[in-house]
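Asks:
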Amino acid sequence: MTLPRWKAPWPLLLLAALASPMAAAPSQARAAELPAIADLVERVDGAVVSIDTVARAVRDPFFDLFPEEGMGVPEQKGVGSGFVVDAEGLIVTNHHVIRGATEIRVTTAQGRTYRGRVIGADPTTDLALLKVQARGLPALRFRTDEHLRVGEWVVAIGSPLGLSHTVSAGIISATNRGIALSDRVNYLQTDAAINPGNSGGPLIDMDGRVVGVNVAVAARGQGIGFAIPAWIARPVIEQLRTRGRVERPWLGVSIRDAQAGDERGVLIVGLAQGGPAQRAGLQPGDVVLRVDNQPVRAARDLLTYLNARAVGARITLQVERDGQRVALEVQLQAVPEAAPRR
Numbered sequence: 000m001t002l003p004r005w006k007a008p009w010p011l012l013l014l015a016a017l018a019s020p021m022a023a024a025p026s027q028a029r030a031a032e033l034p035a036i037a038d039l040v041e042r043v044d045g046a047v048v049s050i051d052t053v054a055r056a057v058r059d060p061f062f063d064l065f066p067e068e069g070m071g072v073p074e075q076k077g078v079g080s081g082f083v084v085d086a087e088g089l090i091v092t093n094h095h096v097i098r099g100a101t102e103i104r105v106t107t108a109q110g111r112t113y114r115g116r117v118i119g120a121d122p123t124t125d126l127a128l129l130k131v132q133a134r135g136l137p138a139l140r141f142r143t144d145e146h147l148r149v150g151e152w153v154v155a156i157g158s159p160l161g162l163s164h165t166v167s168a169g170i171i172s173a174t175n176r177g178i179a180l181s182d183r184v185n186y187l188q189t190d191a192a193i194n195p196g197n198s199g200g201p202l203i204d205m206d207g208r209v210v211g212v213n214v215a216v217a218a219r220g221q222g223i224g225f226a227i228p229a230w231i232a233r234p235v236i237e238q239l240r241t242r243g244r245v246e247r248p249w250l251g252v253s254i255r256d257a258q259a260g261d262e263r264g265v266l267i268v269g270l271a272q273g274g275p276a277q278r279a280g281l282q283p284g285d286v287v288l289r290v291d292n293q294p295v296r297a298a299r300d301l302l303t304y305l306n307a308r309a310v311g312a313r314i315t316l317q318v319e320r321d322g323q324r325v326a327l328e329v330q331l332q333a334v335p336e337a338a339p340r341r
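Numbering that gives the first Met the number 0 numbers the first residue of the sequence shown as 0 and each following residue consecutively.
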């Protein structure tokens with residue numbers, strides 16, 4: 000005996016499937032995996048500020064010869080972002096945001112506007128520290144570890160195109176990305192939307208910590224933005240806070256990328272007379288393979304590592320010399336005034 004089969008119209012079957020708890024479970028599971036960005040933004044957004052600048056434009060030499068024809072030196076206006084790192088009014092931003100500014104206005108999330116004063120700036124890393132006359136401001140903290148993983152969720156907050164307190168979310172797309180902005184910084188790459196005006200704003204992890212300072216976007220691509228890692232920014236900002244400038248450690252070498260056997264490294268091309276490297280026993284032709292047990296694959300790796308060390312710190316270089324591995328300890332000193340900064 001053959002049992003009868005009920006043939007329901009296919010739209011009803013589709014509706015039944017959509018209403019089924021089993022069908023809903025996967026989407027609920029996926030939603031549970033997504034970060035609670037709205038809660039995060041409520042916690043940190045108050046520490047992000049907008050920065051408006053006014054700078055004198057470069058004067059046309061024509062008006063120096065014929066001043067009666069001039070209409071005065073025009074002003075250039077700029078917009079950027081920043082974030083509070085101290086409740087007493089210390090604010091981090093990019094150097095290029097405030098470069099050449101004759102007037103800096105800082106506007107908080109609460110709508111209060113203050114005149115900003117430059118405490119210090121570091122063109123090498125493109126970081127600057129401002130001070131405003133305010134107290135009790137909400138502040139962000141830097142992430143202290145360097146173990147940021149590709150794929151981690153991050154949020155960018157800033158003023159892209161002057162649209163203050165704009166939030167975008169994405170992931171860390173790459174770490175240790177070398178780009179032409181600076182040979183002393185290996186940047187974070189993110190697909191969180193970054194646009195002109197985001198410069199100086201924070202890139203934040205899901206714990207509300209600053210993992211990077213947004214600095215640039217790829218002009219010919221989409222979803223390719225870059226940030227200065229927190230572990231590079233934090234010691235720079237601390238030096239700007241305490242002394243108004245950055246004192247960089249110096250190794251006293253001329254270097255270039257090299258290939259040593261199966262392992263890439265950095266070739267010592269020359270040594271500064273009496274410099275730290277020469278005193279430690281390094282020689283031209285040595286190939287640096289590791290620094291403090293960290294692999295050195297290119298000159299940028301060595302420079303970014305040095306950039307995060309303090310003057311007076313001791314580092315251990317593992318070098319290849321005549322086919323042998325040699326470990327040498329070097330004590331870093333401050334960059335002399337006329338010396339190359341390596």
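Virtual Cβ for every residue (Gly too), placed ideally from N, Cα, C.
Note that the coordinates shown come from a computational prediction; the quantities given were computed from them, not determined experimentally.
For Arg55 and Lys76, I'd like the C-alpha separation in whole angstroms.
Replies: Distance between the alpha carbons of Arg55 and Lys76: 9 Å.
Asks: Under a three-way DSSP split, which group does Asp44 fall into?
Replies: Asp44 falls in the helix class under three-state DSSP.
Asks: Quick check on this structure: which residue in Leu202, Gly110, His164 has the alpha carbon closest to the alpha carbon of Ile171?
Replies: It is Leu202.
Asks: From Ala271 to Ala333, what does the alpha carbon distance come to, in whole angstroms?
Replies: Going from the Cα of Ala271 to the Cα of Ala333 covers about 13 Å.
Asks: Considering only the beta carbon of each residue, do Phe342 and Trp230 sit closer than 9 Å?
Replies: This structure leaves residue 342 out entirely; the chain is present only between 0 and 341.
Asks: Within the chosen definition, does the region 305-322 reach the region 192-206 through at least 3 CB pairs nearer than 8 Å?
Replies: Contact between the region 305-322 and the region 192-206 is absent, because fewer than three Cβ pairs lie under 8 Å.
Asks: Leaving out five residues before and five after Val252 in sequence, what residues of the same chain have Cβ atoms less than 8 Å from its Cβ?
Replies: Closer than 8 Å at Cβ, skipping near neighbours: Ile267, Val268, Gly269, Leu270, Ala271, Gly274, Ala276, Leu281, Arg341.
Asks: Kindly give me the distance between the Cβ atoms of Pro254 and Ala326, rounded to whole angstroms, as I take these residues to be in contact under 8 Å.
Replies: Note that residue 254 is Ile in the sequence shown, not Pro. Not confirmed; about 18 Å, so no contact.
Asks: Taking the runs of the alpha helix (DSSP H) that are 4 residues or longer, which of them lie wholly in the region 93-143?
Replies: Counting only runs of 4 or more, we get 94-97.
Asks: Under the three-state reduction of DSSP, which class applies to Gly274: helix, strand or coil?
Replies: Residue state, collapsed to three classes: coil.
Asks: Output the distance between the C-alpha atoms of His146 and Asp206, rounded to the nearest integer angstrom.
Replies: C-alpha separation (whole angstroms): 14 Å.
Asks: If Val295 sits next to Leu305, beta carbons under 8 Å apart, how far is it from one beta carbon to the other, in whole angstroms?
Replies: Their Cβ separation, rounded to whole angstroms, is 11 Å, which puts Val295 and Leu305 out of contact at 8 Å.
Asks: Note down the Cα distance separating Gln188 from Asn213, rounded to an integer number of angstroms.
Replies: So the two alpha carbons sit approximately 10 Å from each other.
Asks: From the DSSP output, read off the bridge partner residues of Ile203.
Replies: According to DSSP, which records beta bridges pairwise, Ile203 is partnered with Val154, Val209.
Asks: Which of helix, strand or coil does DSSP assign to Gln258?
Replies: Strand, per DSSP.
Asks: Report all residues from its chain with a CB closer than 6 Å to the CB of Ser167; omit the five preceding and five following residues, and keep chain order.
Replies: Within the same chain, Ser167 has close Cβ partners Ala155, Ala191, Ala192.
Asks: Consult DSSP for Gly161 and reduce its assignment to one of helix, strand or coil.
Replies: If DSSP states are grouped into helix, strand and coil, Gly161 belongs with the helices.
Asks: Determine the contact status of Val53 and Ala120, defining contact as a CB-CB distance below 9 Å.
Replies: No. Outside cutoff.
Asks: Please work out which residues of its chain come closer than 7 Å, Cβ to Cβ, to Leu160, disregarding the five sequence neighbours upstream and downstream, and give them in chain order.
Replies: Cβ within range, chain order: Asn194, Pro195, Gly196.
Asks: By Cβ distance, which residues of its chain are closer than 8 Å to Gly88, with the 5 residues on each side in sequence left out?
Replies: Closer than 8 Å at Cβ, skipping near neighbours: Tyr113, Lys130, Val131, Gln132, Ala133, Arg134, Leu136.
Asks: Near Ile366, what residues of its chain come up, given a Cβ to Cβ distance below 7 Å and the 5 sequence neighbours on each side ignored?
Replies: Nothing can be reported for residue 366, as the shown portion of the chain is limited to 0 through 341.
Asks: Have a look at the DSSP bridge pairing and note the partners of Ile36.
Replies: In the DSSP output, where bridge partners are listed per residue, Ile36 has none listed.
Asks: Mind checking Thr143: buried by the 16 CB within 10 Å criterion, or exposed?
Replies: So Thr143 ends up on the exposed side.
Asks: Confirm, please, whether the CB-CB distance from Gln109 to Gly157 is below 9 Å.
Replies: Going by C-beta atoms, Gly157 is not nearer than 9 Å to Gln109.
Asks: Short check: CB of Ile103 to CB of Val91, under 9 Å?
Replies: Against a cut-off of 9 Å, the Cβ pair of Val91 and Ile103 comes out as no contact.
Asks: Enumerate in chain order the residues of its own chain whose CB-to-CB distance from Val84 is below 6 Å, with the five nearest sequence positions on each side excluded.
Replies: If we look at Val84 and ignore the five residues flanking it on each side, its Cβ neighbours are Val91, Ala138.
Asks: Should Leu128 and Ile236 be called a contact, given that it needs their Cβ atoms to be closer than 9 Å?
Replies: Yes.
Asks: Measuring straight from C-alpha to C-alpha, what distance separates Leu162 and Ala218?
Replies: Rounded to the nearest angstrom, the two C-alpha atoms are 19 Å apart.
Asks: Taking the C-alpha atoms as reference points, what is the distance between Ala312 and Pro122?
Replies: Ala312 and Pro122: Cα-Cα distance of roughly 23 Å.
Asks: In this structure, does DSSP put Asn292 in helix, strand or coil?
Replies: In this structure, Asn292 counts as coil in the three-state DSSP scheme.
Asks: Just to confirm, is the Cβ distance from Thr124 to Arg183 under 9 Å?
Replies: A contact, by the Cβ cut-off of 9 Å.
Asks: Are Gln330 and Ala257 touching if we call contact CB-CB under 9 Å?
Replies: Cβ distance not < 9 Å, so Gln330 and Ala257 don't count as in contact.
Asks: Over the uninterrupted alpha helix (DSSP H) stretch that includes Arg299, give me the two end residues.
Replies: Counting along the chain, the alpha helix (DSSP H) containing Arg299 begins and ends at 298-306.
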